[in-house]
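Just so you know, the protein sequences line up as chains A and V, in that order. Just so it is clear: in the first sequence, position 261 is 261 by my numbering, and no numbers are missing. Just so it is clear: in the second sequence, position 295 is 633 by my numbering, and no numbers are missing. C-beta: ideal position from N, C-alpha, C; glycine also. Structure record follows, encoded as structure tokens.
Number of protein chains: 2
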Amino acid sequence: MERVSIRDVAREAGVSITTVSKALNDYPDVSPETRRRVSEIAQRMNYVPDVAGRSMGGITEKVIGLLLNDLTPTDPSGAVFGILSGAYHACADSGIDFVLLTTNPGSQEETSLKRLCLSKRLDGIICNGFRLHDPYLEQARQLDLPCAVIDVEMNDPRIVDVSIDNVQAADEAVTFLLGCGCRAIALINGSARADVSLRRGRGYAQALTRSGLPVRPEWTVDADFDMDSAYHAAVELLRQYPELDAFFCASDVMALGVCQAIEEAGRKVGADVMVVGFDDIPTARYMYGGLTTVRQDFYKMGYNAGMAVYRQIQGQKPADASVGLLHELVIRSTAHGG
Amino acid sequence: MERVSIRDVAREAGVSITTVSKALNDYPDVSPETRRRVSEIAQRMNYVPDVAGRSMGGITEKVIGLLLNDLTPTDPSGAVFGILSGAYHACADSGIDFVLLTTNPGSQEETSLKRLCLSKRLDGIICNGFRLHDPYLEQARQLDLPCAVIDVEMNDPRIVDVSIDNVQAADEAVTFLLGCGCRAIALINGSARADVSLRRGRGYAQALTRSGLPVRPEWTVDADFDMDSAYHAAVELLRQYPELDAFFCASDVMALGVCQAIEEAGRKVGADVMVVGFDDIPTARYMYGGLTTVRQDFYKMGYNAGMAVYRQIQGQKPADASVGLLHELVIRSTAHGG
DNA sequence: TTTTTGACCAAAAACGTTTTCGATACTCGA
DNA sequence: TCGAGTATCGAAAACGTTTTTGGTCAAAAA
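Below, the structure written as structure tokens:
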């Protein structure tokens, strides 16, 4: 596509490039008549200032990057999409450029986070999907750049943590199951390398302990947020511990695998065995009569993360307070009282 | 974050900036010793060439933009996410930059597609979510830029169409319902402003006509791909035409609303009234005993679109042939034979 | 010994802007 | 008529690169 430069516009208008630049950038020292004529010509010629030249001239747009760890072909929970959409809109609302970046364990070895940010000219970054011990997690601490991290507790005054209170959320879910009369509750957790898994595990144990019940380690299994793994784990648990009367799952997708296992074992979900999921995915209310689950708002996560980073870019305080989001226990059929 | 320029590196290494540039860009006329020393210093100083300066110097990365019409907070079908992920990976595999863009009817009025592409320095573009009569649709034809459009038949030799054969897919679905013995089949279609809706409507009519059945316009309703609209439409249809024994829905999400309406009407999904959806969303097999549906691969859509645009950028023929993708009728419980 | 060659490096132009500063011409008051 | 002020514009530097061109020096060829 043919690009027209400021020189072309200047030639066409019979003025210098200085005047064109000033006319289009609302400088005071250009006559109304000239300004009008130049803008008209620029418009007609489809002149769009080159962003690189502009940057050389000292005018740069601010940019926030959303760094996703391992962009998968599909996003069953809708979490990544919601975060992405939220971050995008936060940038749009703030008049900031948005760019999407991805990493994987391999690329984290070859390019440092700092160099990645430098190469993309980032003014701020939002990180999602990091696992404990990912190299980038530690590098984010050394990064001299406004930064928000989703779903990992960083405990760093310079970094904004964005997440719900996962301990509390898991506690509520398990407490609810206890209130339903359940006494043998298994935990199908996400990957042990995910910070949220640790926290949900803590909430699970905390609720049991408060009720004076023992935490039986053999009733907790990591299914890596994977439906099939969750299914197989549940099959095995149900075989080995027929006394289980409830499952708390760290994602709705895993809950589906668990429900299937329960039904295949000839037991009734929501009656013989209760199931609580996590996330409240869009189709949750249509499965197994309605999945009882802990809702979290991924769009808001992304949006708040974007806004927090934006505020830091604007020079507002290093966000000593992190962004806490609210969760909500949504009670449907797979686990319900009385 | 402090940026290090090539000048800083040159000073530190005691050579000219020319030599630094050549050393890092593998020019032959720099001694191995100098090259080694310069790269070592550049690495240590965290020097990353400024992309704007680089662009001024005549080196520009190719960029493909994915233009989404109206990025919503949630993506129940996973279509947008799949396409995005596919396009992203196509770019990554081709060593091309990827940027995400969005439009809405309002912004289409104020900024032309050409200016949008110019301002983002695009070398190619993928369009998704366009409605018939969107201004950008016509502008895409005038655009002098490699371009792929998803799910709209453009009939332009310079533009790559990417989609499944929606007429054929709908025909197969309805033909299957007819094979199941259904004789009164309603169509819950997407928005009439979406090209795929027209095509699925054609396939629906085509299948009925081939079997000698009349196409009753009152049995077709546009529910705009919305679950609630589909629900209400189905409620009304079932009340007014109790003889209906099947629904063909243009999306799984709408199929869910329809199923709910059927059950609330006291009829049994998959027995009294059969339902076929569209898309095969990740949780389809878990709903109503398993949704019968037409599967399409959104990731592949995005990937193929990206690759097609990339090939055009590389100067390969204007892609007279469009990219056709395969669909697959997935038979589960909500509609099944014998 | 002189000339040629090749290896290595630097000066400078170019890219498209913005912005500072100086230049010109005009207006107005004295 | 002249000087000061004002309105309008252009020249030129600057930004960070790449790339062309030319220059220096030592080694090889004559």
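Between THR283 (chain A) and TYR637 (chain V), the C-beta spacing is not below 9 Å.
Scanning V:ALA530, V:VAL500, V:CYS518 for the CA closest to the CA of SER660 (chain V) turns up V:VAL500. Chain A has a Cβ within less than 9 Å of the Cβ of ASP482 (chain V).
Going by DSSP, CYS259 (chain A) is part of the alpha helix (DSSP H) stretching over 252-264. The Cβ of PHE225 (chain A) sits no closer than 9 Å to any Cβ of chain V. Taking 4 residues as the shortest admissible run, the region 182-241 of chain A contains the following complete alpha helix (DSSP H) segments, listed from N- to C-terminal end: 195-210, 227-240.
By the 16-neighbour rule on beta-carbons within 10 angstroms, LEU132 (chain A) is exposed.
VAL275 (chain A) and ALA255 (chain A) do touch by the CB rule: their CB atoms are close to 5 Å apart, below 8 Å.
By the criterion of at least three beta-carbon pairs nearer than 8 Å, the region 8-15 of chain A is in contact with the region 24-44 of chain A. With 16 or more other Cβ atoms from the protein chains shown falling within 10 Å of its own Cβ, SER77 (chain A) counts as buried. Within 7 Å of the CB of PRO135 (chain A), no CB atom of chain V is found; the nearest one sits about 16 Å away.
With respect to the 9 Å criterion, GLY608 (chain V) and GLY595 (chain V) are not classified as neighbours on the basis of their beta carbons. A Cβ of chain V is located within less than 9 Å of the beta carbon of HIS89 (chain A).
Within chain A, VAL48, PRO49, VAL51 have C-beta atoms less than 9 Å from the C-beta of SER457 (chain V), given in sequence order. Taken in chain order, the complete beta strand (DSSP E) segments of 3 or more residues contained in the region 38-117 of chain A are 63-69, 97-103.
For MET612 (chain V), no CB of chain A lies under 9 Å from its own CB, so it is not counted at the interface with that chain. For THR357 (chain V), no beta strand (DSSP E) encloses it; the enclosing alpha helix (DSSP H) starts and ends at 355-362. In terms of CA proximity to GLN634 (chain V), V:LEU663 leads the group V:GLN650, V:LEU663, V:ALA646. Going by DSSP, GLU666 (chain V) is part of the beta strand (DSSP E) stretching over 666-668. Setting aside the 5 residues that flank it on each side, VAL152 (chain A) is surrounded in the same chain by PHE130, ASP195, each with a C-beta closer than 6 Å to its C-beta; the list follows chain order. In this structure, the alpha-carbon of SER567 (chain V) lies about 36 Å from that of LEU67 (chain A).
Think of a sphere of 8 Å around the beta carbon of MET625 (chain V): the chain A residues whose beta carbon falls inside it are THR283, TYR286, MET287, in chain order.
In this chain, the alpha helix (DSSP H) harbouring MET307 (chain A) covers 298-313. The beta-bridge partner set that DSSP reports for ILE6 (chain A) is empty. Straight-line measurement puts the Cα of THR102 (chain A) at about 20 Å from the Cα of MET639 (chain V).
Counting along the chain, no alpha helix (DSSP H) covers ALA271 (chain A), and no H or E run does either. Look at GLY290 (chain A) here: in three-state DSSP terms it is coil, with no helix or strand label. For ASP8 (chain A), no chain V residue has a Cβ inside 7 Å of its Cβ, as the nearest lies near 13 Å away.
Sequence-distant Cβ neighbours of MET287 (chain A) in its own chain, meaning closer than 7 Å and more than five residues away, are LEU256. Closest by C-alpha distance to HIS336 (chain A), out of A:LEU71, A:ASP224, A:GLY277, A:SER251, is A:GLY277. Scanning its chain for C-beta atoms nearer than 8 Å, with the 5 sequence neighbours on each side dropped, one finds around LEU177 (chain A) the residues ILE185, ALA246, PHE248, MET274, VAL276, ALA335, in chain order.
Going by beta carbons, ASN407 (chain V) and TYR474 (chain V) fall inside the 9 Å limit. Assigned with DSSP and collapsed to three states, ASN466 (chain V) falls in strand. A Cβ-Cβ separation of about 30 Å leaves TYR641 (chain V) out of contact with GLY444 (chain V) under the 8 Å criterion. Among the CB atoms of chain A, one or more fall inside 9 Å of the CB of ASP413 (chain V).
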